[in-house]
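Visitor: Quick one: this structure, given as structure tokens, is what I'll be asking you about.
Protein chains: 2
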Amino acid sequence: MARRPRTGKATSIDVAREAGVSQSAVSRTFTPGASVAKATKARVMEAANRLGYRPNAIARSLITRRSQIVAMAVSYLDNQFYPELIQGLSNQAQERGYHLLLFTAGEGETADVELMRVLDYQIDGLILASVSLSSAIAERCHQAGIPVVMVNRVSDTPTVSKITGTNAEGGRTVAHFLARGGHTRIAYLAGIEATSTNRDREAGFRLGLAEVGLPLHARAVGNYDAADAAQAVRTLMASAEPPDALFCANDHMALAALDTLRAELGLRVPEDISVVGFDSVGAANWPAYAITSFAQPVGAMISATSETLFAAIDAAIAGEPFEPRHVEIPGALVVRTSARLAPGVTDGGTWTLAN
Amino acid sequence: MARRPRTGKATSIDVAREAGVSQSAVSRTFTPGASVAKATKARVMEAANRLGYRPNAIARSLITRRSQIVAMAVSYLDNQFYPELIQGLSNQAQERGYHLLLFTAGEGETADVELMRVLDYQIDGLILASVSLSSAIAERCHQAGIPVVMVNRVSDTPTVSKITGTNAEGGRTVAHFLARGGHTRIAYLAGIEATSTNRDREAGFRLGLAEVGLPLHARAVGNYDAADAAQAVRTLMASAEPPDALFCANDHMALAALDTLRAELGLRVPEDISVVGFDSVGAANWPAYAITSFAQPVGAMISATSETLFAAIDAAIAGEPFEPRHVEIPGALVVRTSARLAPGVTDGGTWTLAN
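Chains as they are written, first to last, in the numbering used here: chain F, 25 to 379; chain B, 25 to 379.
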């Protein structure tokens, strides 16, 4: 403790006296998750600050074996979906007295070399957002008693919990919606081929097209990347029979597709071609884009992730078994103006297969 | 180490033999910042993984007193500037064997209650991105030997390093640019009043207007918030003499201003009113917005922050003094199409006061 010469001098009794509260209130203030009135907490923090008091967090961590650290591995942050997810998960972790240790890895990679470093830290849990996991790392975490939750990805690893949207149902819904809108040359812009999100969205989309008796008119790969998506759109539109509708496997690509179609190719959306995305990120709702998109309810995904992770952490501490969960969060197609509508359908609401 | 039953069995000699490399190569692979060929590193990691070998990170941390953790406090992530910053800083930290422990706090707040928790962790440094710092917390960090770097904010605290853009010069440049474009009713949309960024951008903007002999025609407050900015724009445009140009203190507000002016009020930009922003975030460059904006070079800010922080950490470990730095990263006005241009000026480049 040589780096913190002033800590440990004041006791919780001193702080209680200074703040004019009970010693129990001081203890609760510094126990993550414990109940304490906001005003009381503020007074205790002020008094603790004046006196230089810190509870001995390291000693507490040795007893409880909790580091209060959850590692979080995320892929590229320029897709607006991830900053929203990080902010929400961080806020929920902080409410429980935990903080997120960030690992940035490439989208779709197993990122083993970087994830190995997770085990260099004393962590209480691991969240993977759109990052795959090798079975080797999953096994190491399992042996070390570290719960793992994957968000927006699935894997076959049985020891890992998974929180996803309804990817297949979303793709199927988009196919029916575009068919009802009178489109006949419907194309798919794929994300990274190896990801479960792309696989499930495309499978659902193809199923939906088959159900309405339409072929998949064309297919190109955008790799969940803006530049790759733009290039794929150029290729699709240069064909002898260009599509009249394009389903993009996420909004990050749909935004790039709209820019390319309108600003570069001079086309009108949706008069010349309809565009539908997936995720309903913030920018999809900006009036300059107004992208019809299958919404993944990020708030519900954040809550399910937190609940699953902290239930698993609590079980690990209690020495009890925890059955990994797969939670599917239902989504809905948010109708905006980037795709032509069937008669009677208006923008501004949601559309389901029951419509 | 009870939670990691399989660690510590294999030695670095075993790993070297398995990978067919020298023991020194194994050691360098697990020493953050040490030089080792990429292919060698990959072979060592694979062999280490097969054998269940981990270097004893906790023991190493006790000797070096380095936790390899840098705390990072950030404000709201829906402003694209911050995800870019986090991604870059995380990548640079990881190259040095460090990871970021995230603290999410409200924009412009001193966030003392949450930041106090920073001291619950054994951290090697603290980065504050657009979050203010009370002198009490700064003093506690200083006493504990924890270097602090503020990004995109300044404070009077002498023990803290600061990395900023050229906020005042940026505001001044925008004023001259708008005057040259023939605007006469120039308004300012302020960010959070208490922040140094708002204070400096506005001071420079007012100086620039004074230099060209123009008054500040109107002023409203958007609090660096999209909804507040939209409301401020409605108020400004409802006046008897609405502005013909609007300088928004950041792009996050400029995007909301453009949406409000065009989609809600039915105005043309820049024919009816010019809009200029600050930061040049990703969306400012999307063709649907194409916002003329004073660019804060985020790459250079990331590098300066990393260099300053790790120089301070190295000094702390060596027991040497470190003089806090204030680094100003020069920016430039990126000319796009959201503001009317002076004769002879074209979009697609940058504009400086020397023009």
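Ideal placement from N, C-alpha and C gives every residue a C-beta, glycine not left out.
All values reported here derive from a predicted model rather than from experimental measurement.
How would you write the range of the beta strand (DSSP E) that Gly-189(F) sits in, first residue to last?
Guide: It spans 185-189 - the beta strand (DSSP E) in which Gly-189(F) sits, taken as one unbroken run.
Visitor: Find the nearest neighbour of Pro-266(F) within the set Lys-65(F), Asn-247(F), Glu-288(F) and Arg-243(F), judged by alpha-carbon distance.
Guide: Arg-243(F)
Visitor: Name, going along the chain, the residues of the segment 286-308 of chain F whose beta-carbon falls closer than 9 Å to a beta-carbon of chain B.
Guide: Arg-286, Ala-287, Glu-288, Gly-306 and Ala-307
Visitor: Within a Cβ cutoff of 6 Å, which residues of the same chain sit near Asn-191(B), ignoring the five residues on either side of it in sequence?
Guide: Thr-221, Asp-224 and Arg-225
Visitor: If you draw a straight line from the C-alpha of Leu-377(F) to the C-alpha of Thr-197(F), how long is it?
Guide: 6 Å
Visitor: So which of Gln-104(F), Thr-53(F) and Thr-316(F) has the shortest CA-CA distance to Val-305(F)?
Guide: Ranking the options by Cα distance to Val-305(F), first place goes to Gln-104(F).
Visitor: Answer with yes or no whether the minimum CB distance from Thr-35(B) to chain F is below 8 Å.
Guide: When Cβ-Cβ separations below 8 Å define contact, Thr-35(B) makes no contact with chain F.
Visitor: Quick one: which unbroken beta strand (DSSP E) runs of 3-plus residues sit fully inside the segment 203-287 of chain B? Chain order, please.
Guide: 210-214, 242-245 and 269-272
Visitor: For Asp-296(F), which of helix, strand or coil comes out of DSSP?
Guide: coil
Visitor: Can you tell me which of the three DSSP states Ala-199(F) falls into?
Guide: In this structure, Ala-199(F) counts as helix in the three-state DSSP scheme.
Visitor: So, under 8 Å CB-CB, Leu-157(F) and Val-184(F) are touching, yes? Tell me the CB distance rounded to an integer number of Å.
Guide: The C-beta separation of Leu-157(F) from Val-184(F) comes to about 7 Å, placing the pair in contact by the 8 Å criterion.
Visitor: Within the continuous beta strand (DSSP E) that includes Gly-290(B), where are the two ends?
Guide: From DSSP, Gly-290(B) is part of no beta strand (DSSP E); its letter is neither H nor E.
Visitor: May I ask you to verify whether the segment 166-186 of chain B touches the segment 205-217 of chain B, counting CB pairs closer than 8 Å and requiring at least 3?
Guide: no
Visitor: Strictly by DSSP, which residues pair up with Asp-38(F)?
Guide: In the DSSP output, where bridge partners are listed per residue, Asp-38(F) has none listed.
Visitor: Residue ranges of each alpha helix (DSSP H) run of no fewer than 4 residues wholly in the segment 39-75 of chain B, ordered along the chain?
Guide: 47-53 and 62-75
Visitor: How about Ala-378(B): is its C-beta nearer than 8 Å to some C-beta of chain F?
Guide: no
Visitor: Quick one, which residues of the segment 318-331 of chain B are near chain F if we go by CB-CB under 7 Å, in chain order?
Guide: none
Visitor: For Thr-128(F), would you say it is in contact with chain B, using Cβ-to-Cβ distances shorter than 8 Å as the test?
Guide: yes
Visitor: Identify the contact partners of Glu-138(F) in chain B, using a Cβ-Cβ distance below 8 Å as the criterion.
Guide: Gln-118
Visitor: Throw me the rounded Cβ distance for the Ile-147(F) and Ala-97(F) pair, which I believe falls under 8 Å.
Guide: Incorrect: roughly 11 Å between the Cβ atoms, too far for contact.
Visitor: Under 8 Å between C-beta atoms, does Ala-312(B) make it to chain F?
Guide: yes
Visitor: Measuring alpha carbon to alpha carbon, tell me which of Phe-127(B), Ser-362(B) and Ala-71(B) ends up nearest Arg-292(B).
Guide: Ser-362(B)
Visitor: Answer yes if the segment 260-275 of chain B comes into contact with the segment 296-305 of chain B, meaning at least three C-beta pairs across the two stretches below 8 Å, and no otherwise.
Guide: yes
Visitor: Please report how far the alpha carbon of Met-69(F) lies from the alpha carbon of Asn-247(B), in whole angstroms.
Guide: 28 Å
Visitor: Residues of chain B with CB under 9 Å from Asp-102(F), in chain order?
Guide: Gln-104, Pro-107, Glu-108, Gln-111 and Gly-306
Visitor: With DSSP as the reference, label Ala-334(B) as helix, strand or coil.
Guide: Note on residue identity: the sequence assigns Phe, not Ala, to residue 334(B). If DSSP states are grouped into helix, strand and coil, Phe-334(B) belongs with the helices.
Visitor: Closer than 9 Å by beta-carbon distance: list the chain B residues that pair up with Asp-224(F), in chain order.
Guide: In chain order: nothing, as chain B lies at least about 26 Å away.
Visitor: Mind listing which residues of the segment 272-283 of chain F have their C-beta closer than 8 Å to chain B's C-betas, in chain order?
Guide: Leu-279, Leu-282 and Asp-283
Visitor: Report buried or exposed for Lys-62(B), applying the criterion of at least 16 other Cβ atoms within 10 angstroms of its Cβ.
Guide: exposed
Visitor: Find the residues of chain B that neighbour Ala-160(F), judging by a C-beta separation of less than 9 Å, and give them in chain order.
Guide: Ordered by position in chain B, the residues that pass the 9 Å Cβ test against Ala-160(F) are Asn-73 and Arg-74.
Visitor: In angstroms, rounded to a whole number, what distance separates the CA positions of Ala-356(F) and Ser-59(B)?
Guide: 50 Å
Visitor: Which residue wins for smallest C-alpha separation from Leu-282(F), given the options Tyr-313(F), Asp-268(F) and Gly-44(F)?
Guide: Tyr-313(F)
Visitor: What residues match up with Asp-303(F) in a beta bridge as DSSP calls it?
Guide: Ala-319(F)
Visitor: Which residues in the same chain have their Cβ closer than 8 Å to the Cβ of Asp-38(F), if we skip the five residues on either side of it in sequence?
Guide: Sequence-distant partners of Asp-38(F) (beyond 5 residues in either direction) whose C-beta falls short of 8 Å from its own C-beta, in its chain, are Leu-75 and Tyr-77.
Visitor: Which term fits His-200(B), buried or exposed, when burial requires 16 or more other beta carbons within 10 angstroms of its beta carbon?
Guide: Under the 10 Å beta carbon count, His-200(B) is surrounded by 16 or more other beta carbons and is classified as buried.
Visitor: Verify the CB distance criterion: does Asn-115(F) have a CB-CB separation below 8 Å to chain B?
Guide: Asn-115(F) counts as touching chain B.
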